[in-house]
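Let me begin by presenting the structure, written as structure tokens, before commenting on it.
Residue numbers (the numbering used here): 49 to 238.
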């Protein structure tokens, strides 16, 4: 079962502000759709802090993707309300378990770090979100320059349009506040 300490910890890091970025965009892009009807993929779900935040915001059709089965097992054991637990890396390669346009939105918190997930993976993230859907992700301040060329290329090609990009806090450790950026893009074609 999810502990109140874990719920608090998820809110103290960048998970809560990033989930709120997605929620704001959902309210603008899907104003007449109930949150319970939206299918969301948490890419890089880990032990489930984004799932916890999305649940608090009213979302219920949430699916988890992570490279670590052990992390997914922890999320499952804690009772994070994911509908599916998919163990697979996030790369530029097609994820066979996920259909093109399967999700209304994708959120990825703390996963896009060039050493782990290259900028080319943005194309696969777009593929699995339906046209008109949303991709929301965080980048630490020192990673933005690594991803910006690919983000711009996709925008200039008319694949997606940037809805927002804002500075959000995060903590490496409890006593070491820093910041990153939360981005939300609307998919124009996948």
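Just so you know, even glycine gets a beta-carbon here, dropped at the ideal spot from N, CA and C. Predicted model, so just to flag it, every value in this text is computed and none were measured.
Item to check | residue 107 - DSSP class collapsed to helix/strand/coil | outcome: Per DSSP, reduced to three states, the secondary structure at residue 107 is coil, with no helix or strand assignment.
Checklist entry - Taking the continuous beta strand (DSSP E) assigned at residue 130, which residues delimit it? => result 130-135
Item to check | Unbroken stretches of the beta strand (DSSP E), 3 residues or longer, contained in the segment 132-194 | outcome: Runs of the beta strand (DSSP E) inside the segment 132-194: 151-156 and 177-188.
Next on the checklist: Taking the beta strand (DSSP E) that residue 87 belongs to, which residues open and close that run?
Outcome noted: 87-91
Next on the checklist: Contact defined as beta carbons within less than 8 Å: I believe residue 73 pairs with residue 93. What is the distance between those atoms, to the nearest angstrom?
Outcome noted: 19 Å between Cβ atoms; not a contact.
Next on the checklist: Does residue 232 come out as helix, strand or coil in the three-state DSSP assignment?
Outcome noted: Correct three-state label for residue 232: strand.
Next on the checklist: Could you check whether residue 128 and residue 154 sit closer than 7 Å to each other, using their CB atoms as the reference points?
Outcome noted: no
Checklist entry - Is the beta carbon of residue 241 sitting closer than 7 Å to the one on residue 186? => result What is shown of the chain runs 49 to 238, which leaves residue 241 out entirely.
Checklist entry - Which whole-angstrom value is the C-beta distance of residue 69 and residue 214, which I expect to be below 8 Å? => result A Cβ-Cβ distance of about 7 Å is found for the pair residue 69 and residue 214, placing them in contact under the 8 Å criterion.
Checklist entry - Under three-state DSSP, which class holds residue 208? => result strand
Item to check | Distance between residue 79 and residue 182 (C-alpha atoms, nearest Å) | outcome: Spanning the alpha carbons of residue 182 and residue 79 requires a straight line of approximately 13 Å.
Item to check | C-alpha gap between residue 229 and residue 123, whole angstroms | outcome: 25 Å
Checklist entry - How do the segment 100-108 and the segment 80-88 stand: do at least 3 beta-carbon pairs fall below 8 Å, yes or no? => result yes
Checklist entry - Which residues in the same chain have their Cβ closer than 6 Å to the Cβ of residue 156, if we skip the five residues on either side of it in sequence? => result Contacts found: 91, 92 and 185.
Item to check | Best match in 173, 66 and 76 for proximity to residue 136 [C-alpha to C-alpha] | outcome: 173
Next on the checklist: Quick check on residue 34: does DSSP put it in helix, strand or coil?
Outcome noted: Given that the chain is displayed from residue 49 to residue 238, the structure contains no residue 34 and the question cannot be resolved.
Checklist entry - Applying the criterion that 16 or more other CB atoms from any shown protein chain within 10 Å of the CB defines a buried residue, is residue 81 buried or exposed? => result exposed
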